[in-house]
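Peer 1: Residue numbers (my numbering): 19 to 307. Yeah, the Cβ is synthetic: ideal placement off N, Cα and C, and Gly gets one too. Please find one structure pasted underneath; my questions will follow.
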């Protein structure tokens, strides 16, 4: 129960897929990933994703889904509120239950996808933990992380319970920042997309820092992409036109990363997304509808 109305921040930490739904979205059967307050799907190392939302005093329905591919089993849910003066609290593990009923394995479990830039080429590599009925991977490239085009097609293992390693070298990358994603296709036509990774190519890539957000405009839910040639931890902020910080979260030091940002409850209008790192400062205008 929420004792005092205010703006609350939720912190969901996991080492593989985790989702958080709130209120009406938590009551749907099954819950929709697109309606999740926090959507941190896929296979990944331990990481924390945050979301901020305005809550009224009283009871709120809350649902967490967590999936573990192999080893680890890390899941922590915390919350805090500055205006309601609630320090960061951990929801105890006894509040959760576990189940394996009705959960089908994914056709392909993608462990990692990385892009390593060179002076005139980009080396792409990815690893899968298991594959079922997989046909092929299409490597897609973009200059703006919005419109992608196919670069090459790589045959998949088909069926495998062992780790599979794939690699491709893009010898004709675009000058500047290149965004890549994988389009995985099964033999029955089903398909999925990987997360987006980025690599800087050509002169002037030293200390380069790039910040983008999509969709833009948005109702307050953005997927923020960060790429930097020299990875440093940073601070992500959302400022209104008066320069006030309305949202803030820490980012890990990675060459490229994609984080979910939800700032529900803010008035519609133009805001400035700002990233502060040792590489410098990057800004990006976003519109909340």
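Leaving aside the five residues before and after residue 215 along the sequence, list all residues of the same chain whose C-beta is less than 7 Å from its C-beta, in chain order.
Peer 2: 131, 132, 133, 198, 274
Peer 1: Would you check if the distance between the CB atom of residue 79 and the CB atom of residue 45 is smaller than 8 Å?
Peer 2: yes
Peer 1: Could you pull the DSSP bridge partners for residue 109 from this structure?
Peer 2: Its beta-bridge partners do not exist; DSSP assigns none.
Peer 1: Less than 8 Å between the CB atoms is what I'm expecting for residue 152 and residue 174, so what's the real figure, rounded?
Peer 2: 4 Å
Peer 1: Would you kindly check if the distance between the Cβ of residue 245 and the Cβ of residue 195 is under 8 Å?
Peer 2: yes
Peer 1: State the DSSP-derived secondary structure class of residue 24, mapped to helix, strand or coil.
Peer 2: strand
Peer 1: Per DSSP, which residues does residue 172 bridge with? Please list them.
Peer 2: 155
Peer 1: Residue 287: buried (16+ other C-beta within 10 angstroms of its C-beta) or exposed?
Peer 2: exposed
Peer 1: Give me whichever residues DSSP pairs with residue 280 in a beta bridge.
Peer 2: Note: residue 280 sits in a beta bridge opposite 239.
Peer 1: Starting from residue 303, trace the beta strand (DSSP E) in both directions and tell me its first and last residue.
Peer 2: 298 to 306
Peer 1: Helix, strand or coil for residue 50? Go by DSSP, reduced to three states.
Peer 2: coil
Peer 1: Can you pull the DSSP bridge partners for residue 292?
Peer 2: 255, 301
Peer 1: Under 8 Å, Cβ to Cβ, is there at least one residue of chain D near residue 283?
Peer 2: Looking at the structure shown, chain D is missing, and only one protein chain is on hand.
Peer 1: Nearest-angstrom Cα distance between residue 155 and residue 128?
Peer 2: 12 Å
Peer 1: Can you tell me the Cβ-Cβ gap for residue 71 and residue 40, rounded? I've got them flagged as a contact below 8 Å.
Peer 2: 7 Å
Peer 1: Please state whether DSSP places residue 234 in a helix, a strand or coil.
Peer 2: Of the three classes helix, strand and coil, the one that applies to residue 234 here is coil, per DSSP.
Peer 1: Whose CA, out of 307, 158, 62, 76, lies closest to the CA of residue 240?
Peer 2: 307
Peer 1: Measuring CB atoms only, is the segment 290 to 304 touching the segment 253 to 265, in the sense that at least three cross pairs come out at less than 8 Å?
Peer 2: yes
Peer 1: Rounded C-beta distance between residue 206 and residue 159? I'm assuming under 8 Å.
Peer 2: That pair is no contact at about 26 Å.
Peer 1: Between which two residues does the beta strand (DSSP E) carrying residue 213 extend?
Peer 2: Note, residue 213: premise wrong, no beta strand (DSSP E); not H, not E.
Peer 1: Could you pull the DSSP bridge partners for residue 287 from this structure?
Peer 2: Per DSSP, the beta-bridge partners of residue 287 are 306.
Peer 1: Could you pull out every residue in the same chain whose Cβ sits closer than 8 Å to the Cβ of residue 232, ignoring the five residues on either side in sequence?
Peer 2: 163, 164, 240, 241, 243
Peer 1: Beta strand (DSSP E) containing residue 40: first to last residue?
Peer 2: 36 to 40
Peer 1: Cβ atoms of residue 69 and residue 56: under 8 Å apart, would you say?
Peer 2: yes
Peer 1: Under 6 Å Cβ to Cβ from residue 237, same chain only, skipping five residues before and after it: list those, please.
Peer 2: 307
Peer 1: So what does residue 55 bridge to, in DSSP terms?
Peer 2: Residue 55 pairs with nothing; no bridge assigned.
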